[in-house]
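Letter 16 of the sequence shown, counting from 1, is numbered 258 in our numbering, and no numbers are missing.
Built from N, CA and C at the ideal position, the CB exists for glycine as well.
Please read all numbers here as calculations on a predicted model, not as lab measurements.
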Amino acid sequence: MLRPSSRRTDLAGTQVDVAAGRLLGARFLESPNRDARPPGQVPELVVVHGISLPPGEFGGPWIDALFTNTL
């Protein structure tokens, strides 16, 4: 099994579209596994998933399928 890279990336210039709740420049995939954000609540945390599926295999349709319940 491959281990994820421990390389650090500078995120100082990263921007968030608060109205949309999205990280600018990041790929977005609509998922059924979410609900509405309460009025006035702004994003406070960005989660970046760094996974492979099957383990050690990167690329392919499997991650999208996992996050959209079509696996």
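TODO: Verify whether the separation of the beta carbon atoms of GLY263 and PRO285 is less than 7 Å.
DONE: Numbered from its first residue, the sequence shown carries residue 263 at position 21. Numbered from its first residue, the sequence shown carries residue 285 at position 43. Yes, these two residues count as a Cβ contact at 7 Å.
- [ ] With DSSP collapsed to three states, give me the class of ASP277.
- [x] One-based indexing of the sequence shown puts residue 277 at position 35. In the three-state reduction of the DSSP assignment, ASP277 falls in the coil class, being assigned neither a helical nor a strand state.
- [ ] Starting from LEU308, follow the alpha helix (DSSP H) in both directions and report where the run begins and ends.
- [x] For the purposes of this step, residue 308 is taken as residue 66 along the sequence shown, with counting starting at 1. That run of the alpha helix (DSSP H) goes 304–309.
Task: 6 Å Cβ shell around GLU272 - same chain, five flanking residues per side excluded - done: To locate residue 272, count along the sequence shown from 1; it is residue 30. Taken in chain order, the list of residues that qualify is empty.
Task: Closest by C-alpha distance to ARG279, when choosing among LEU313, LEU266, ALA261 - done: Position 37 of the sequence shown, counted from the start, is the residue given in the question as residue 279. Of the candidates LEU313, LEU266, ALA261, ALA261 places its Cα closest to the Cα of ARG279.
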